[in-house]
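Let me begin by presenting the structure, written as structure tokens, before commenting on it.
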Amino acid sequence: MATITAHHTGYTIAKSAVTKASKQLSAAGYFTDIFCIDRRFRLVITNNKQLPYEYAIHFIPSVDGDDTHLEVFIKNEQQRYFVDDFSEPELIADIINHYQHYSHSEF
Numbered sequence: 448m449a450t451i452t453a454h455h456t457g458y459t460i461a462k463s464a465v466t467k468a469s470k471q472l473s474a475a476g477y478f479t480d481i482f483c484i485d486r487r488f489r490l491v492i493t494n495n496k497q498l499p500y501e502y503a504i505h506f507i508p509s510v511d512g513d514d515t516h517l518e519v520f521i522k523n524e525q526q527r528y529f530v531d532d533f534s535e536p537e538l539i540a541d542i543i544n545h546y547q548h549y550s551h552s553e554f
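Residue numbers (this note's numbering): 448 to 554.
This is the structure:
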């Protein structure tokens with residue numbers, strides 16, 4: 448597992464993880480959309496609840512500009528956390544696990 452030390456590396460990992468998680472969720476019958484806006488990837492999943500589920504990965508440059516931090520923001524849960532040390536498979540699992548937890552909880 449490598450720490451993300453460059454914007455390019457973080458971008459590649461985030462894009463790939465969001466794309467692969469979207470494909471897995473689509474194969475399971477969920478409707479997904481991916482947006483890349485303002486240095487972030489947003490995965491939006493339509494469900495049977497009132498609001499669609501949104502999982503976003505933000506790219507936050509460090510103060511010195513050498514590193515890029517990846518921050519996850521889950522809109523429905525108003526939860527934020529850093530995933531700098533996540534590998535691509537860990538990030539895919541994080542996306543799917545959070546959605547599965549959300550989709551099984553009461554609204």
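Think of the CB as a built atom: it goes at the ideal place given N, C-alpha and C, for glycine as much as any other residue. What you are looking at is a predicted structure, and each value in this text was computed from that prediction instead of being measured.
Using a threshold of 8 Å, state whether the C-beta atoms of residue i and residue j are closer than that.
i	j	result
Ala468	Glu535	no
Ile521	His505	no
Asn523	Glu501	yes
Can you give me the Cβ contacts of residue i inside the same chain, cut-off strictly under 8 Å, excluding the 5 residues immediately before and after it?
i	result
Thr479	Ser469, Leu472, Ser473, Leu490, Val491, Ile492, Thr493
Near residue i, which residues of its chain fall below 6 Å by C-beta distance, leaving aside the five closest residues on each side in sequence?
i	result
Phe482	Arg489
Ile507	His516, Glu518
Please classify residue i: is it buried, with 16 or more other beta-carbons within 10 angstroms of its beta-carbon, or exposed?
i	result
Arg519	According to the sequence as given, residue 519 is Val; it is not Arg. It counts as buried.
Ile484	exposed
Ala475	exposed
Asp541	buried
Whole angstroms is fine: what's the gap from residue i's alpha carbon to residue j's?
i	j	result
Thr459	Thr466	11 Å
Ile543	Pro499	15 Å
Phe529	His516	7 Å
Enumerate in chain order the residues of its own chain whose CB-to-CB distance from residue i is below 7 Å, with the five nearest sequence positions on each side excluded.
i	result
Ser550	Asn494
Phe533	Asp541
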